[in-house]
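If you read the protein sequences in the order shown, they are chains A and B. Each number in our numbering corresponds to the 1-based position in the first sequence with 4 added. Each number in our numbering corresponds to the 1-based position in the second sequence with 253 added. All C-beta atoms in this analysis are idealised placements derived from N, C-alpha and C, irrespective of residue type, glycine included. The structure displayed is predicted, hence computed values, not measured ones. Worksheet: one structure, shown below.
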Amino acid sequence: MNEISDAITNLEEEKVLKLVKEKLDAGEDPIKILEACRMGMTEIGKESGDTIFLTDLIMAGEIFNEAMEILMPKLVGSATKSLGKVVIGTVEGDIHNIGKDIAINFLRAEGFEIVDLGVDVPAQKFVDAIKEHNPPVIGMSGLLTLSIEPMKKSVEAIVAANLRDKVKVIIGGERTDEEVCKLVGADAWVNDAIEGVKIIKNWVGGA
Amino acid sequence: MDNAEELIKAKIERMENAAAVKEPDRVPIGIATSYFPAKYAGVSYEDMWHDNNKYIEVGAKFCKDFNWDAVSFHRSFESVAIGLALASFDADLAILVAVNSVLGGGASHDILGDVYSSNPGRELGVNNESQWVIDKPVMNDDEWDQLIERPFDFMMESIITRAYKNLANKGSTTAVGSLIKLGMEVGKFPGFLMEMAGKLKEEAWLPYYYALAPNPLDLIGAFYRDFDKLSLDLYRMPEKVKKACEGLAPVLAAVGKMTGKISLDVTGSRRVFCPIWYNTYLSPEKFKEFHFPHIKLIVNELIEAGFTPLMSFQGRSDHLLEVLKELPAGKVIMWFDKTDLVKAREVLGDKYCLAGGIPSSLLIGGTPESVKKHTEKLLDDLKSGGGLIVSSEFNGMGPAKVENVKAMTETVMNYGKY
Numbered sequence: 005m006n007e008i009s010d011a012i013t014n015l016e017e018e019k020v021l022k023l024v025k026e027k028l029d030a031g032e033d034p035i036k037i038l039e040a041c042r043m044g045m046t047e048i049g050k051e052s053g054d055t056i057f058l059t060d061l062i063m064a065g066e067i068f069n070e071a072m073e074i075l076m077p078k079l080v081g082s083a084t085k086s087l088g089k090v091v092i093g094t095v096e097g098d099i100h101n102i103g104k105d106i107a108i109n110f111l112r113a114e115g116f117e118i119v120d121l122g123v124d125v126p127a128q129k130f131v132d133a134i135k136e137h138n139p140p141v142i143g144m145s146g147l148l149t150l151s152i153e154p155m156k157k158s159v160e161a162i163v164a165a166n167l168r169d170k171v172k173v174i175i176g177g178e179r180t181d182e183e184v185c186k187l188v189g190a191d192a193w194v195n196d197a198i199e200g201v202k203i204i205k206n207w208v209g210g211a
Numbered sequence: 254m255d256n257a258e259e260l261i262k263a264k265i266e267r268m269e270n271a272a273a274v275k276e277p278d279r280v281p282i283g284i285a286t287s288y289f290p291a292k293y294a295g296v297s298y299e300d301m302w303h304d305n306n307k308y309i310e311v312g313a314k315f316c317k318d319f320n321w322d323a324v325s326f327h328r329s330f331e332s333v334a335i336g337l338a339l340a341s342f343d344a345d346l347a348i349l350v351a352v353n354s355v356l357g358g359g360a361s362h363d364i365l366g367d368v369y370s371s372n373p374g375r376e377l378g379v380n381n382e383s384q385w386v387i388d389k390p391v392m393n394d395d396e397w398d399q400l401i402e403r404p405f406d407f408m409m410e411s412i413i414t415r416a417y418k419n420l421a422n423k424g425s426t427t428a429v430g431s432l433i434k435l436g437m438e439v440g441k442f443p444g445f446l447m448e449m450a451g452k453l454k455e456e457a458w459l460p461y462y463y464a465l466a467p468n469p470l471d472l473i474g475a476f477y478r479d480f481d482k483l484s485l486d487l488y489r490m491p492e493k494v495k496k497a498c499e500g501l502a503p504v505l506a507a508v509g510k511m512t513g514k515i516s517l518d519v520t521g522s523r524r525v526f527c528p529i530w531y532n533t534y535l536s537p538e539k540f541k542e543f544h545f546p547h548i549k550l551i552v553n554e555l556i557e558a559g560f561t562p563l564m565s566f567q568g569r570s571d572h573l574l575e576v577l578k579e580l581p582a583g584k585v586i587m588w589f590d591k592t593d594l595v596k597a598r599e600v601l602g603d604k605y606c607l608a609g610g611i612p613s614s615l616l617i618g619g620t621p622e623s624v625k626k627h628t629e630k631l632l633d634d635l636k637s638g639g640g641l642i643v644s645s646e647f648n649g650m651g652p653a654k655v656e657n658v659k660a661m662t663e664t665v666m667n668y669g670k671y
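As C-alpha cells, this is what we get:
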C-alpha cells in the first residue's frame, strides 16, 4: 500500500491508477486502498508553500479523484472515517473556483465531508447551509478584492442569525491578509489552500 | 491643467529614471486601476465599462485630482484571442482588434459573446468588477499538435468558433453580422484612442502602460486551456506545451514592439506591460522550464527595441526571485503584487527597479494614518538609490477608501522627495 501513497506523493498518475486497479483485482480491501490514497495526499499536505505549488496540488487532486472514481463503486455501503462537515463556497460576486476546489480535494482526502455551495454564493446561502448541515467550519473563498465586502456581509449574516458561535470561519484567496481577516470578522485567513486544510484539521481536533 | 505638457515631461523623466535605478526628483507613483476612478467620480462600473465618454470623463477627473506620475485604466481582454488569430493575415489589423477590448471597453464582449468575461451591467451587477473565468477549455487536450503545426489556422478555425459564441457557426447570419459589427467598432477605435489620449493628456496623464506583450504560457492558460487544465498538461504532455510556447513567443514579442511603438508615439511612454499570471502556480523548476525562457525572449527583444518591460508579477513570486536575477539590470521594472519588496530588494540587489508596496487591503480597510505610516516606512526602506515606484496590486484597489488613496498620494508627493 505504501507504493500507492508514494506514487500519489510523487504525482505519478499512471502508476497510481495502475496500482489501484491491480490491488482491487487482487482482492485487496477497497477501504485500505482508499486509506493509502489519503495518506499520499496527507503527505503532500504536510509540505509548505515553499516546496509545493499550485500545479502540484491540482495534479494531486486530479490523481486522487481519478483513483476515487475507480474505488467508489467498490466502496458503496462501506463505513469510511469522517472528520465532520465543512461548508465551503466562493462568495457572492466572485465566480473563481480553483482555490476552493483545491481545498475541497484535500479536505475530502483528509476525510471531511464537503458541502460545496459553488461560486457566487449569497450570504443567506451560507446561513441556510449552517442551519441545514451544522458544520463546525465554514470556508469562504474569493480571488479578488471585490470579494472582501461579500465575505464581510456573509459573516455579518451569520452573526445576525445567532450562528456565529457555532462555526469557525476561515477565508481564503489571493487578496486576503490579516487586515482583511479583521475587517471581515473571520477566525483565520489563508493565501494557500493547504494551509487552510491544516488550520481546519487543528480546529476539529483531527491534527 | 495649464502646465500639462511640462508635467507630463517631468513624469516621463521621473518614471524613466526610476526604471533605470537612478534617483529622480521624487519617488513616482504608478498604478493600474480600472474601477477606483469610476467609484471616485460617482459613475457606475457599468457606465465606465460601456460608455466611452464616461470612461474618458472619469479618467480625466481622476488624473486632475490625483496627479499620479503614471496611471492606467484598461478595461478587458476579450478580443485578444481573435486579434492574435489575425496576426498572419494583417498585423496592424490584428493589433487594433486585439486591443479593442483592452481600451475600447465592453463593446467587443457584447458583439462577440465571448466565453471569457462576465462584465458589469451584463452578466454581473452594475457595480461588480469584470471577471475572467473559462467554464471549459476552448482548446482540447488532443489539439496541441495543431497549435504547434498550424497555429493561426487552428486559432481561426477552432479556437475562435468556441471562444466567441456569436462566431460559432461559420457563415451564419449571426457570425457574419457580428464580424461586420466588430469591424465597425474597430473602425471607430483609432479615433477614440486619440480622443482619449488627447483629453487625458490635458490633465497631465501619463499611462503606467499603454502597450502589451503577453507571454505564451499565460496566453494559452488564460485564453485556450484554462490554468487548471494547463497544470495537468505540464505533467502529461510537457514537450508539446514547450513547443507551442516556442512557436508563439516571437509573435508575442512582435505584438509588444508594435503596441510599444503606438504607446511611445501617442503618450511618450516606453513601458510595455508584460503580465505574468501563472508564476504563482509554478515551482521554480517548472517556472524555469515552461515560463521564464519565453518571458526572457520577449523582454530581451523589447529592450533591444528601446522599450522598458513593465513586468507585472501577479499573485506571489517570492519563490522565483532567484530566477529573476537573470533579467537585465536597470532595463526592466519588476512590479510585484504580494511579494514583499524589501525581501525582493534583498534577493535581487539594488540593480532593479521595483514597483509595488501598497497592499490594496490597506487602502480598503486601513485609515489615513495607517496608510501614511505604511507608505513612509516603504519609502524609508526602499527609496535610497532610486529604483522604486510606489504601486499597488494589479487592478486591486477598486473598493479603496478615497481618504486612504489621498493619504498615500500625499505621503509619496511629500515624503518621497529625494
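What is the C-beta distance between residue i and residue j, in whole angstroms, given that I count them as a contact (C-beta under 8 Å)?
i, j, result
"residue 329 (chain B)", "residue 362 (chain B)", "7 Å"
"residue 652 (chain B)", "residue 617 (chain B)", "5 Å"
"residue 605 (chain B)", "residue 17 (chain A)", "That pair is no contact at about 39 Å."
"residue 370 (chain B)", "residue 331 (chain B)", "5 Å"
"residue 294 (chain B)", "residue 327 (chain B)", "That belief does not hold up - the Cβ atoms of residue 294 (chain B) and residue 327 (chain B) are roughly 17 Å apart, past 8 Å."
"residue 322 (chain B)", "residue 268 (chain B)", "6 Å"
"residue 303 (chain B)", "residue 374 (chain B)", "6 Å"
"residue 62 (chain A)", "residue 12 (chain A)", "Contact doesn't hold; Cβ gap of about 14 Å is too wide."
"residue 454 (chain B)", "residue 257 (chain B)", "6 Å"
Would you mind telling me which residues of chain A sit closer than 9 Å to residue i, beta carbon to beta carbon, in chain order?
i, result
"residue 407 (chain B)", "Correct list: empty, because the minimum Cβ distance to chain A is about 25 Å."
Provide the residue span of the beta strand (DSSP E) that contains residue i, from first to last.
i, result
"residue 89 (chain A)", "88-94"
"residue 120 (chain A)", "116-120"
"residue 260 (chain B)", "Premise fails: residue 260 (chain B) lies in the alpha helix (DSSP H), 257-272, not in any beta strand (DSSP E)."
"residue 144 (chain A)", "141-145"
Can you give the Cα-Cα distance for residue i and residue j, rounded to whole angstroms?
i, j, result
"residue 57 (chain A)", "residue 536 (chain B)", "6 Å"
"residue 137 (chain A)", "residue 89 (chain A)", "8 Å"
"residue 528 (chain B)", "residue 567 (chain B)", "7 Å"
"residue 132 (chain A)", "residue 367 (chain B)", "34 Å"
"residue 570 (chain B)", "residue 360 (chain B)", "34 Å"
"residue 486 (chain B)", "residue 448 (chain B)", "44 Å"
"residue 431 (chain B)", "residue 405 (chain B)", "20 Å"
"residue 49 (chain A)", "residue 198 (chain A)", "6 Å"
"residue 211 (chain A)", "residue 387 (chain B)", "Caution is warranted here: a pLDDT of 49 is assigned to residue 211 (chain A), below 50, making its placement in the model unreliable, and no coordinate value can be reported."
"residue 358 (chain B)", "residue 446 (chain B)", "12 Å"
"residue 196 (chain A)", "residue 174 (chain A)", "12 Å"
"residue 620 (chain B)", "residue 627 (chain B)", "11 Å"
Taking only beta-carbon atoms, is residue i less than 8 Å away from chain B?
i, result
"residue 94 (chain A)", "no"
"residue 120 (chain A)", "no"
"residue 191 (chain A)", "no"
"residue 169 (chain A)", "no"
What does residue i touch in chain B if you count any residue whose Cβ is under 9 Å from its own?
i, result
"residue 97 (chain A)", "377, 378, 381, 382 and 384"
"residue 69 (chain A)", "Near residue 69 (chain A) there are no residues of chain B at all, since even the closest Cβ is about 11 Å away, more than 9 Å."
"residue 48 (chain A)", "The premise fails here: residue 48 (chain A) is roughly 13 Å from chain B at the closest Cβ pair, so nothing lies under 9 Å."
"residue 109 (chain A)", "Those do not exist, as residue 109 (chain A) stays about 11 Å from chain B at its closest Cβ, beyond 9 Å."
Starting from residue i and walking both ways along the alpha helix (DSSP H), at which residues does that stretch end?
i, result
"residue 561 (chain B)", "Counting along the chain, residue 561 (chain B) falls outside any alpha helix (DSSP H), though it belongs to the beta strand (DSSP E) covering 561-566."
"residue 407 (chain B)", "404-407"
"residue 201 (chain A)", "197-207"
"residue 3 (chain A)", "In the structure displayed, chain A extends from 5 to 211; residue 3 (chain A) sits before or after that span and is not available."
"residue 323 (chain B)", "It is not in any alpha helix (DSSP H) - residue 323 (chain B) instead sits in the beta strand (DSSP E) that spans 323-325."
"residue 307 (chain B)", "305-319"
Determine, for residue i, whether the minimum Cβ-Cβ distance to residues of chain A falls below 8 Å.
i, result
"residue 463 (chain B)", "no"
"residue 290 (chain B)", "no"
"residue 613 (chain B)", "yes"
"residue 485 (chain B)", "yes"
"residue 480 (chain B)", "yes"
"residue 533 (chain B)", "yes"
"residue 293 (chain B)", "no"
"residue 572 (chain B)", "yes"
"residue 308 (chain B)", "no"
"residue 206 (chain B)", "Lying before the first or after the last residue shown, residue 206 (chain B) is absent from chain B, which here runs from 254 to 671."
What in chain A is Cβ-close to residue i, meaning under 8 Å?
i, result
"residue 369 (chain B)", "Under the 8 Å cutoff, chain A gives no residues; its nearest Cβ is about 12 Å from residue 369 (chain B)."
"residue 618 (chain B)", "152, 183, 184, 186 and 187"
"residue 539 (chain B)", "57 and 59"
"residue 568 (chain B)", "178"
Please list, in chain order, the chain B residues whose beta carbon lies closer than 8 Å to that of residue i.
i, result
"residue 150 (chain A)", "381, 382, 651 and 652"
"residue 179 (chain A)", "613, 614, 646 and 649"
"residue 102 (chain A)", "480 and 481"
Could you name the residues of chain B that residue i contacts, counting a contact when the two beta carbons are closer than 7 Å?
i, result
"residue 23 (chain A)", "In chain order: nothing, as chain B lies at least about 17 Å away."
"residue 63 (chain A)", "484, 485 and 488"
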